[in-house]
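One structure is given here, and the rest of the page talks about it.
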Amino acid sequence: MSKVKIETLTPIHIGNGNFLQRNADFVLSSQGDDSFIHVIDPRKILDFIGVEHIDDWVLSIEKKEESMRDFVRRYRKDAHPDDYSQRIITNCAGEIKATDTLKECLHDGMGLPYIPGSSIKGAIRTAILTTLAKDRTLESKIKTFGKKMGAGQVEKDLFGKDPNNDIFRFLQVGDAYFERECEIAMRMINLNVTQKTNLQDRSKSQVVEAIGSGCDSVFQLKLAKNTYSWCKARSRNIGDLPKEMESEPSLLMSLNRHTKDLVSDEIAYWSDISSNKEGAEDYIVSMRHILDETKNCQEGKECVLRIGHGSGWRFITGAWCEGLDNFDEVIAVSRPNNGRYQEYDFPKSRRIDEDSDILGFVKLSLI
């Protein structure tokens, strides 16, 4: 079992599915030029107001005529949001409107933000799939189901015919837990290729909680090669272990090449788009910083990987199917209302922060 240091090069969001409402689930405070979001702890609120006033609390939320801070002060005049918060988030999203929701990130039972091992493993699986799928004739393996298309047969051919025989059973990845109050809030917008000259699209902005950049943790990773060899000798259905998974160093080398290729493609694509449109300049600069990180990694000891929300279609899928002869069919089922957008490339948008910060990049280092 190897220990791996994980460092957030950019903010990371792994969601828990919750969207928090202002004044119902969180309140705001400020200290000088700094702004903070306080996620409310209902038990602490009840301690202040008493169970007998719970109906008043519900009514206050429904009417939206009174802020949560003012409501609590009815019962505890000196109450501050710190007194009834379960956690405090540094607000980098600017003004939070009354109608804004906060997309909450994942925390454990102790309130620690974390990246599940399954998220890390999923990103690794995508990278290996992309590497193995290159230069293969896979069109016949892509199956259409009504308005959906699946590549399950591709994964079966490359990794094993079912979960019991999948080679990723032998890659064990632990969770990465981070310290309290490393969370920030960001306002996400789109880079969107349209008829407009400006690429930045704020029409669907979303406030997102994320683990901030520059945070680090340690998780465990193991390639169980001995177990794989034992099982492989007893079952011909288990997939073949590719050279990219023969050791931790070879795995990290493959992951870094994968990220470097995708980032290089991003820079080339948006540089071309920027020849006659504006708004992507800072995004390109951010991607060049990530490209530099991949180039500076110690071979076999470090790599850069992208995980989580805001990664975009190309990083989520690895973009391996772009080389297929029937990629147009993939686009048709992947893009809603595809007929309206056939004049545009696919994908034509990227999710970024208002300041053109990007989400999802981490650096992994074998310890």
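Per our numbering, the sequence shown runs over residues 1 to 367.
Where a beta carbon is used, it is the ideal one built from N, C-alpha and C, also for glycine.
| query | result |
| --- | --- |
| Starting from M253, follow the alpha helix (DSSP H) in both directions and report where the run begins and ends. | 248-273 |
| How about the stretch 182-194 and the stretch 102-121: do they share at least three Cβ pairs that are nearer than 8 Å? | yes |
| Could you check the C-alpha separation between S254 and H309 for me, to the nearest Å? | 22 Å |
| Apart from the five residues just before and just after S213, which ones in its own chain have a Cβ nearer than 7 Å to its Cβ? | T8, L9, T10, P11 |
| For I316, which three-state DSSP category applies? | helix |
| Assess contact between the stretch 72-90 and the stretch 222-242, defined as three or more Cβ pairs (one per stretch) separated by less than 8 Å. Is contact present? | no |
| Determine the burial state of L251: buried for a count of at least 16 other Cβ atoms within 10 Å of its Cβ, exposed for fewer. | buried |
| In whole angstroms, give me the CA-to-CA distance for S247 and K348. | 37 Å |
| For the beta strand (DSSP E) that I128 lies in, which residues bound it at each end? | I128 -> not in any beta strand (DSSP E); alpha helix (DSSP H) instead, spanning 117-133. |
| I'd like the list of long-range same chain contacts for I367, defined as Cβ closer than 6 Å, with 5 residues on each side in sequence excluded. | K3, K5 |
| For E95 and chain B, any beta-carbon pair shorter than 8 Å? | Judged by its chain identifiers, the structure shown contains no chain B, having just a single protein chain. |
| According to the Cβ coordinates, are S356 and D265 closer than 8 Å? | no |
| Could you give the first and the last residue of the continuous beta strand (DSSP E) run that contains Q21? | 15-21 |
| Determine which residues share a DSSP beta bridge with F327 and list them. | The partner list for F327 (beta bridge, DSSP) is empty, contrary to what the question assumes. |
| Looking only at its own chain, which residues have a Cβ that is under 7 Å from the Cβ of F361, when we skip the five neighbours before and after it? | L9, T10, I290, V304, R306 |
| For L158, I'd like the list of residues in its chain whose CB is within less than 6 Å of its CB, leaving aside the five on either flank, ordered along the chain. | L132 |
| What alpha helix (DSSP H) runs, 4 residues minimum, are completely inside the stretch 47-112? | 54-63, 68-73 |
| For L364, verify whether its CB is less than 7 Å away from any heavy atom of the ligand MG. | Questions concerning the ligand MG fall outside what the structure shown contains, since it holds no ligand whatsoever. |
| Tell me which residues share the same chain as N23 and place their Cβ nearer than 8 Å to its Cβ, disregarding the 5 neighbours each side in the sequence. | I61, K64, S67, M68, A98 |
| Return helix, strand or coil for C303, following the three-state DSSP convention. | strand |
| DSSP state of K3, grouped into three classes? | strand |
| What separation, rounded to the nearest whole angstrom, lies between the Cα atoms of D83 and R43? | 11 Å |
| Give every residue of the same chain whose Cβ lies closer than 6 Å to the Cβ of N192, excluding the five residues on either side of it in the sequence, and list them in chain order. | D201, S349 |
| May I ask you to verify whether the stretch 84-92 touches the stretch 116-135, counting CB pairs closer than 8 Å and requiring at least 3? | no |
| Report back the beta-carbon spacing between T130 and H258 to the nearest angstrom; my notes put them in contact at under 8 Å. | 6 Å |
| Residues in its own chain within less than 6 Å of V173 by CB, not counting five upstream and five downstream? | G117, I120, K121, L221 |
| Out of N256, K134, G279, which one is the CA nearest neighbour of G300? | N256 |
| What number of angstroms, rounded off, separates the C-alpha of L324 from the C-alpha of L138? | 7 Å |
| M278 by DSSP, collapsed to three states: which one? | According to the sequence shown, residue 278 is Glu rather than Met. Residue state, collapsed to three classes: strand. |
| Compare the beta carbon distance of F178 and S203 with 8 Å and say whether it is the shorter of the two. | no |
| Thinking C-alpha only, which one of E52, A93, V39 is nearest S85? | V39 |
| In three-state DSSP terms, what is D34? | strand |
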